[in-house]
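Working notes, beginning with the structure itself.
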Amino acid sequence: MISIIDNPSLAEAGRQRMNWFVEQMPLIASLKESYRTELPFRGLKVAICLHVEPKTAFWIEAILAGGAEHVYLVGCLGTTKPDTAAFLASNPKITVFAKEKDAMEDHQRYLEMVMEEKPDLLLDNGASLILAYHKKKRDWIPLGANEETRTGRLLIDSSGYDIAFPVVVIDDSPLKKLLENAVGVGQSVVDGFMRATSLLLGGKRILVIGYGWCGSGIAGKFRAMGAHTSVYDIDPVYLLKAKVDGHHVSENLNELIARADAIVTSTGRFHIITTEHIPYFSDGLILSNAGHFGFEIDVDELRAAASRVDVIGCGKETLWFGSRKVFLLENANPLNLAAGDGNPIAIMDLGLGLQASCGALLASGRHGLHKGVQPIPVEIDRAVSRRMLRF
Ligand SMILES: NC(=O)c1ccc[n+]([C@@H]2O[C@H](COP(=O)([O-])OP(=O)(O)OC[C@H]3O[C@@H](n4cnc5c(N)ncnc54)[C@H](O)[C@@H]3O)[C@@H](O)[C@H]2O)c1
Numbered sequence: 002m003i004s005i006i007d008n009p010s011l012a013e014a015g016r017q018r019m020n021w022f023v024e025q026m027p028l029i030a031s032l033k034e035s036y037r038t039e040l041p042f043r044g045l046k047v048a049i050c051l052h053v054e055p056k057t058a059f060w061i062e063a064i065l066a067g068g069a070e071h072v073y074l075v076g077c078l079g080t081t082k083p084d085t086a087a088f089l090a091s092n093p094k095i096t097v098f099a100k101e102k103d104a105m106e107d108h109q110r111y112l113e114m115v116m117e118e119k120p121d122l123l124l125d126n127g128a129s130l131i132l133a134y135h136k137k138k139r140d141w142i143p144l145g146a147n148e149e150t151r152t153g154r155l156l157i158d159s160s161g162y163d164i165a166f167p168v169v170v171i172d173d174s175p176l177k178k179l180l181e182n183a184v185g186v187g188q189s190v191v192d193g194f195m196r197a198t199s200l201l202l203g204g205k206r207i208l209v210i211g212y213g214w215c216g217s218g219i220a221g222k223f224r225a226m227g228a229h230t231s232v233y234d235i236d237p238v239y240l241l242k243a244k245v246d247g248h249h250v251s252e253n254l255n256e257l258i259a260r261a262d263a264i265v266t267s268t269g270r271f272h273i274i275t276t277e278h279i280p281y282f283s284d285g286l287i288l289s290n291a292g293h294f295g296f297e298i299d300v301d302e303l304r305a306a307a308s309r310v311d312v313i314g315c316g317k318e319t320l321w322f323g324s325r326k327v328f329l330l331e332n333a334n335p336l337n338l339a340a341g342d343g344n345p346i347a348i349m350d351l352g353l354g355l356q357a358s359c360g361a362l363l364a365s366g367r368h369g370l371h372k373g374v375q376p377i378p379v380e381i382d383r384a385v386s387r388r389m390l391r392f
């Protein structure tokens with residue numbers, strides 16, 4: 002099967018970009034070393050859906066070192082680094098389906114192509130592979146799957162599918178919540194915002210919608226940079242937490258939107274910013290999203306409702322509503338990955354270490370896991386934490 006990527010000639014650039022990340026990922030490096038002798042993925046076809054970027058690339062090298070026969074990699078929307086895709090696709094044991102400007106239809110087509118290969122293990126992000134498997138009657142059952150995100154967990158729960166194999170939800174791990182979501186995402190989203198806009202954050206009025214693990218970190222990091230932060234969450238418990246953390250809060254979202262210079266959504270839910278909010282947009286408002294995929298902001302409906310849409314380039318466009326203009330960043334794809342390099346390396350070293358360890362457990366068949374969704378076994382969280390404490 003041939004890879005579908007932007008430009009194969011970027012492979013050497015992708016390899017060079019990866020060098021720095023390899024230096025900074027001791028956990029994956031040590032797992033890779035152990036996997037060389039343990040061969041936990043021996044002879045397996047591994048399907049992966051993940052952001053195609055250097056940290057993912059090094060992690061895939063570890064899975065191949067663990068004996069995987071072949072890796073099929075599907076990228077996520079708006080986050081593919083074409084040089085990393087080219088580097089990975091230059092390895093005959095990896096097939097990559099990831100272009101920088103892929104649309105949802107491309108993504109769905111790639112998933113179906115991967116299903117035709119009947120992979121043994123699904124390492125998923127946003128439940129793309131897991132839902133693609135269950136959309137049709139299949140004549141094989143994978144050993145199991147990982148799901149990385151909160152959004153993926155919610156999509157599996159609402160799908161109504163009778164899940165045919167064990168699915169371990171990485172996002173249910175205390176380790177992932179405490180470190181990646183609460184610490185890493187805040188830093189990387191602020192970094193993505195700064196890279197996308199080059200704006201001074203001091204004095205900017207930033208509204209964060211969704212004050213869960215990610216949103217609380219995002220709001221905290223924006224405030225640390227001097228922004229005036231306000232928070233909306235549909236759950237008054239989380240709103241109260243935001244208030245005692247020192248953010249301006251209100252149960253009236255429209256009121257908060259009206260006083261914002263920029264909005265970052267982080268709920269993992271659909272339709273958070275819709276055309277109903279247009280009357281409350283201030284002139285010059287910046288819209289962005291940190292949640293998985295772009296569906297928190299009704300981008301197509303907003304474009305359709307605009308009197309004019311101008312593409313500024315470099316991931317930015319202007320939507321005109323009469324004399325007011327609103328800027329949309331990165332087509333509402335996750336800002337930290339679309340405009341930046343994603344989460345800090347140490348955070349993904351840990352997150353990918355969790356994914357690899359769960360994958361190895363599923364591959365072993367000796368796990369006592371049941372069909373359907375379940376959290377990471379506590380011993381994996383502890384083993385990965387202990388290994389990480391060495392570095
Ligand atoms: N960009 C990244 O690198 C990255 C990393 C991890 C997670 N994520 C994604 O970020 C999103 C949030 O993850 P999380 O771990 O913070 O989830 P979470 O469940 O901890 O928090 C979500 C919050 O949103 C609130 N909420 C739900 N519906 C809402 C609505 N209609 N309006 C306002 N608030 C609402 C909930 O009450 C909750 O407090 C998910 O999509 C997740 O997949 C992104």
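Mapping of the sequence shown onto our numbering: position 232 corresponds to residue 233, and the numbering continues sequentially without gaps. For each residue, glycine too, the CB sits at the ideal point set by N, CA and C. All values derive from a computational prediction rather than experimental measurement.
Just so you know, the alpha carbons of H278 and Y36 end up roughly 51 Å apart. Going by DSSP, K222 is part of the alpha helix (DSSP H) stretching over W214 to A225. Counting the other CB atoms within 10 Å of its CB gives A305 a total below 16, which places it among the exposed residues. Within the same chain, Cβ atoms closer than 8 Å to the Cβ of E113 are found at A133, the five residues on either side in sequence being excluded. For R151, the CB falls within less than 7 Å of some heavy atom of ligand 1. In the structure shown, Y162 adopts coil according to DSSP, grouped into three states. Taking 8 Å as the cut-off, the beta carbon of E149 is found no closer than this to the beta carbon of D121. In the structure shown, P167 falls within a strand segment according to DSSP collapsed to helix, strand and coil. For the options Q25, G323, G79 and A63, the alpha carbon positioned closest to that of N290 is the one of G79.
The region 242-258 makes no contact with the region 294-309; the number of CB pairs closer than 8 Å stays below 3. Taking C-beta atoms as the reference points, F42 and A69 count as a pair closer than 8 Å. The beta carbon of V385 sits closer than 8 Å to those of L28, L176, L351, G354, L355 and S358, all from its chain and outside the five residues before and after it, given in chain order. Under DSSP, L320 shares a beta bridge with V310 and V327. In this structure, the C-beta of D234 approaches ligand 1 to less than 7 Å from one of its heavy atoms. Taking every protein chain shown into account, the CB of V238 has fewer than 16 other CB atoms within 10 angstroms, so this residue is exposed. Approximately 5 Å separates the beta-carbon atoms of A58 and M19; this is inside 8 Å, confirming the contact. Two segments are said to touch when three or more pairs of C-beta atoms, one from each, lie closer than 8 Å; by this definition the region 321-335 does not touch the region 157-170. Distances between the C-beta of W321 and the heavy atoms of ligand 1 are all 7 Å or more. The closest CA to that of G153, considering only E302, R270 and M26, is found on R270. For secondary structure counted as the beta strand (DSSP E) over 3 or more consecutive residues, the region 237-316 holds these complete runs in sequence order: 263-266, 286-290 and 309-314. For T57, the uninterrupted alpha helix (DSSP H) run begins and ends at P55 to A66, by DSSP. With fewer than 16 other beta carbons inside 10 angstroms of its own, I313 counts as exposed. Judged by DSSP in its simplified three-state form, S174 adopts coil rather than helix or strand.
A heavy atom of ligand 1 is found nearer than 7 Å to the CB of T268. Taken through DSSP and simplified to helix, strand or coil, A104 comes out as coil. No heavy atom of ligand 1 is found nearer than 7 Å to the CB of E252. In this structure the region 358-375 does not lie against the region 211-226, because fewer than three pairs of beta carbons, one per stretch, are closer than 8 Å.
Pairing P83 with N8 gives a Cβ-Cβ distance under 8 Å. For a cut-off of 8 Å, the C-beta gap from A48 to Y73 is around 5 Å, short enough to register as a contact.
Nearest to D140 by alpha-carbon distance, out of A146, L130, S129 and E118, is E118.
One alpha carbon belongs to T230, the other to A165, and they sit about 44 Å apart. When the five nearest sequence neighbours on each side are left out, the beta carbons in the same chain lying within less than 7 Å of the beta carbon of K372 are those of I164, A165, F166 and P167, in order along the chain. A direct Cα-Cα distance of roughly 19 Å separates G285 from E302. Membership of Q25 in any beta strand (DSSP E) is not indicated, and neither H nor E is assigned to it by DSSP. When beta bridges are read from the DSSP output, V47 appears opposite V72 and L122. For S189, the Cβ falls inside the 7 Å cut-off from some heavy atom of ligand 1.
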